[in-house]
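Okay, so here's the structure we're looking at.
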Amino acid sequence: MELELESEGGELVVPVELLYGITEELTVTVVLPFRDPFENGRLGSVGLRAKWRFATRFSPGRADAVAAVGGITVPRSSADGPQAGPVIIAGLAAGRESRRWYYFAGVRTAIHLADEGNDPGEQLLLNVAWGVRPWLTEYLAPDLVLLVEASSRTEGRTRVNGQTVDASGGEVLSVAPAFLLSYRNVMLKGGVQIPVWEHLNDAGRSEDVRILAALELHW
Amino acid sequence: MNRTLFVLLAGFAFGVTPAAAQDAQRDSTEQVAPAAHPDIVMRVDGLACPFCAHGLERKLDALEATETVEIRLNEGLVLLYLRDEHSVSDQALTKAVTDAGFVVRAIERHPPTEGTD
Chain A
495 MELELESEGG
505 ELVVPVELLY
515 GITEELTVTV
525 VLPFRDPFEN
535 GRLGSVGLRA
545 KWRFATRFSP
555 GRADAVAAVG
565 GITVPRSSAD
575 GPQAGPVIIA
585 GLAAGRESRR
595 WYYFAGVRTA
605 IHLADEGNDP
615 GEQLLLNVAW
625 GVRPWLTEYL
635 APDLVLLVEA
645 SSRTEGRTRV
655 NGQTVDASGG
665 EVLSVAPAFL
675 LSYRNVMLKG
685 GVQIPVWEHL
695 NDAGRSEDVR
705 ILAALELHW
Chain B
3 MNRTLFVLLA
13 GFAFGVTPAA
23 AQDAQRDSTE
33 QVAPAAHPDI
43 VMRVDGLACP
53 FCAHGLERKL
63 DALEATETVE
73 IRLNEGLVLL
83 YLRDEHSVSD
93 QALTKAVTDA
103 GFVVRAIERH
113 PPTEGTD
């Protein structure tokens with residue numbers, strides 16, 4: 495189970511992710527995002543994802559894996575305001591984790607299915623991460639990993655009733671210093687995603703700094 | 003309210019979940035209980051992080067013969083202390099490790115005996 499805290503457009507979002515490993519290679523996740531949970535708490539867009547780790551290579555103190563990810567997010571218009579239809583997510587991710595170093599790269603696309611004439615632009619997300627475990631602690635000690643992640647998001651223009659909305663879509667490049675702190679089956683994650691370059695078609699819009707805190711419990 | 007949740011998160015982080023409490027209780031036993039030499043030493047590939055290794059500990063703990071599991075990440079070793087009059091086969095050990103998402107490179111027994119279930 496993973497519990498996150500995110501700030502999105504000034505609103506606090508707490509996505510609760512329930513992960514279940516059907517096999518050691520196939521994991522399914524249900525995402526239940528609770529928006530503004532401390533005031534007018536409501537459930538946002540519910541997501542269902544699957545991750546298939548189709549290639550692995552293990553060596554002493556090291557694990558390499560390549561995975562395909564796919565999923566669907568179903569918007570709830572009452573919670574999110576005027577919305578498009580479901581969002582299909584597909585992507586690939588590859589990672590290497592060793593005792594000292596951590597590498598990750600991923601590519602993902604989000605395709606919005608039009609609904610009632612509202613057709614948000616497709617998104618392409620790329621990210622790479624590098625991490626280091628400064629202290630090689632043993633199993634029964636707290637474990638810290640420091641990470642830096644660079645990510646880019648390219649978003650196409652929205653179409654409403656067949657008309658392209660010029661002031662929509664664009665590109666954003668962000669950098670996110672982050673950490674993972676775990677003790678046995680409990681992991682605390684934290685990070686700040688800082689936009690470092692943006693080219694948004696809406697001149698009045700600017701990408702926000704996002705703060706992420708997450709708790710993951712493993713049974 | 004934010005503070006309440008933060009305290010809750012902090013509580014989880016410092017191991018006050020039921021599972022963590024059980025683990026902590028077992029840890030205190032482990033420090034006095036293990037025999038001088040493990041009955042089985044496994045060299046396991048892919049052991050990179052403690053968080054991932056927890057699944058391996060749970061799988062091996064679930065074996066009836068297991069008394070104590072000791073994971074040495076920096077050496078890539080898993081030490082198994084068995085209950086008296088119990089044994090476990092190589093196949094069962096390999097399955098437990100594979101199910102946890104790792105790969106067994108070698109199994110060594112002390113004293114060397116053929117594993118049976």
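These protein sequence lines are chains A and B, in that order.
Residues in the first sequence are numbered from 495 upward in steps of one, following the numbering used here.
Residues in the second sequence are numbered from 3 upward in steps of one, following the numbering used here.
Backbone N, C-alpha and C fix where the C-beta goes; we use that ideal spot for every residue, glycine too.
If you're wondering where the values come from, they're calculated on a predicted model, not measured in any experiment.
Taking C-beta separations shorter than 6 Å and ignoring five residues to either side along the sequence, the partners of Phe-673 of chain A in its chain run Leu-640 and Gly-684, following chain order. Here His-112 of chain B is exposed: its Cβ has fewer than 16 other Cβ atoms, across all protein chains shown, within 10 Å. DSSP lists A:Ser-645 and A:Pro-689 as the bridge partner or partners of Ser-668 of chain A. If you draw a straight line from the Cα of Leu-675 of chain A to the Cα of Asp-702 of chain A, it is about 25 Å long. For Asp-47 of chain B, the enclosing beta strand (DSSP E) starts and ends at 42-47. Taken in chain order, the members of the stretch 612-643 of chain A whose beta-carbon sits within less than 9 Å of a beta-carbon on chain B are Arg-627, Leu-630, Thr-631, Glu-632, Tyr-633, Leu-634, Ala-635, Pro-636, Asp-637 and Val-639.
With its beta carbon at least 7 Å from every one in chain B, His-606 of chain A lies outside the interface.
Residues of chain B with a Cβ closer than 8 Å to the Cβ of Ser-676 of chain A are, in chain order, Cys-51, Pro-52 and Phe-53.
Taking a C-beta cut-off of 7 Å against chain B, the contacting residues of the stretch 529-557 of chain A are Phe-532, Phe-552, Ser-553, Pro-554, Gly-555, Arg-556 and Ala-557, listed in chain order. Under the Cβ criterion of 7 Å, His-693 of chain A is not counted among the residues facing chain B. Apart from the 5 residues on each side of it in sequence, Tyr-514 of chain A sits with its Cβ closer than 6 Å to the Cβ of Val-522 in its chain, given in chain order. At the C-beta level, Leu-667 of chain A and Trp-691 of chain A come within 7 Å of one another. Within the stretch 587-600 of chain A, Glu-591, Ser-592 and Arg-593 place their CB atoms closer than 8 Å to a CB of chain B, listed in sequence order.
The beta-carbon distance between Thr-68 of chain B and Leu-58 of chain B, rounded to whole angstroms, is 12 Å. This is too long to meet the 8 Å contact definition. DSSP, read as helix, strand or coil, puts Ala-599 of chain A in strand.
Against chain A, the beta carbon of His-56 of chain B has neighbours under 8 Å at Arg-678, Asn-679 and His-712, listed in chain order. Annotation: the continuous alpha helix (DSSP H) that includes Ala-98 of chain B extends over 92-101.
Beta-carbon to beta-carbon, Val-540 of chain A and Val-568 of chain A are separated by about 5 Å, close enough to satisfy the 8 Å threshold.
Per DSSP, the unbroken alpha helix (DSSP H) holding Pro-52 of chain B starts and ends at 52-63. Close to Val-99 of chain B, with beta-carbon spacing below 9 Å, lies no residue of chain A; the smallest spacing is near 10 Å. Below 8 Å, enough C-beta pairs join the stretch 97-109 of chain B and the stretch 39-51 of chain B to call them touching: three or more. In the DSSP assignment, Leu-607 of chain A falls outside any beta strand (DSSP E) and carries neither an H nor an E. Partner residues in a beta bridge of Ala-697 of chain A, as assigned by DSSP, do not exist. In the DSSP assignment, Ala-584 of chain A falls within the beta strand (DSSP E) that extends over 581-592. Take Lys-545 of chain A, set aside five residues on each side of it, and the residues of its chain with a beta-carbon closer than 6 Å to its own are Thr-521, Ala-561 and Val-563, in chain order.
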